[in-house]
Amino acid sequence: MLKVLFVCLGNICRSPLAEGIFASLVEQKKLNCKISCDSAGTGDWHIGETADPRMIKTASEHGINLTHKARQIKKSDFHDFDYVLVMDRSVMEDLKKNFIPANPKSSILYMREYDDTKMSMDVPDPWYGGEDGFEVVFQLLDKSVNNFLEFLILKHKIEIC
Numbered sequence: 006m007l008k009v010l011f012v013c014l015g016n017i018c019r020s021p022l023a024e025g026i027f028a029s030l031v032e033q034k035k036l037n038c039k040i041s042c043d044s045a046g047t048g049d050w051h052i053g054e055t056a057d058p059r060m061i062k063t064a065s066e067h068g069i070n071l072t073h074k075a076r077q078i079k080k081s082d083f084h085d086f087d088y089v090l091v092m093d094r095s096v097m098e099d100l101k102k103n104f105i106p107a108n109p110k111s112s113i114l115y116m117r118e119y120d121d122t123k124m125s126m127d128v129p130d131p132w133y134g135g136e137d138g139f140e141v142v143f144q145l146l147d148k149s150v151n152n153f154l155e156f157l158i159l160k161h162k163i164e165i166c
């Protein structure tokens, strides 16, 4: 089974949304027996909490149900997951400094590498902004996650279960 991990700062906004979108697409495409996903954060402030209510609302408006409970990333994740998708440069720096072990198995990539219209590698953190920031993040992640799943299907020749 191909395993994908989405990572942001606190695991209550961007990464659980990416996980929710990805899981929904995997289910729609009937690939559940071939691909799994999870999300995590570099910080430990929100461990055990659900996603930010504003992100839950935004996701719900698009038919995505966010049920993930926040967790902190651990070094073993870089051996347990095939792909680690990072939301921004500060998260990547933190991963490199504190979490990525020597010789990780995972491919560690920016989520927006799969956004064909990207002007930045960063998915902006909506936590400090208004409601509209959550919709902006949804649109960015929806595009990037869809493109990433298509990349996986082609690269790994994944077929319906």
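Numbering follows my numbering, in which position 127 of the sequence shown is assigned residue number 132; successive positions increment by one, without gaps.
From the three backbone atoms N, C-alpha and C, an ideal C-beta is built for every residue, glycine too.
Note that the structure is predicted; figures quoted are calculated from it, not measured.
Contact belief for residue i with residue j at Cβ below 8 Å, rounded distance in angstroms
i: ALA75; j: HIS51; result: 4 Å
i: LYS8; j: ASP87; result: 5 Å
Top-ranked residue by Cα proximity to residue i, from the options
i: TRP132; options: LYS79, PHE11, ILE17; result: ILE17
i: TYR119; options: GLY135, LYS148, THR55, VAL141; result: LYS148
i: ASP127; options: GLU136, ARG117, ASN108; result: ARG117
Distance between residue j and residue i (C-alpha atoms, nearest Å)
i: THR122; j: LEU146; result: 12 Å
i: ASN70; j: GLY25; result: 7 Å
i: HIS161; j: GLN77; result: 28 Å
i: ASP43; j: MET124; result: 26 Å
i: LEU159; j: ILE40; result: 13 Å
i: PRO109; j: GLU140; result: 33 Å
i: LEU14; j: ILE163; result: 30 Å
i: GLU98; j: GLY138; result: 23 Å
i: TYR115; j: LEU36; result: 23 Å
i: ASN152; j: LEU22; result: 15 Å
i: GLU54; j: HIS84; result: 25 Å
i: GLU32; j: ALA107; result: 34 Å
Three-way DSSP call (helix, strand, coil) for residue i in this model
i: SER44; result: strand
i: PHE11; result: strand
i: HIS114; result: Looking at the sequence itself, residue 114 is Leu, so the reference to His does not match. In this structure, LEU114 counts as strand in the three-state DSSP scheme.
i: CYS91; result: The amino acid occupying residue 91 in the given sequence is Val; Cys does not appear at that position. Strand, per DSSP.
Cβ-Cβ distance between residue i and residue j below 8 Å
i: PHE11; j: LEU90; result: yes
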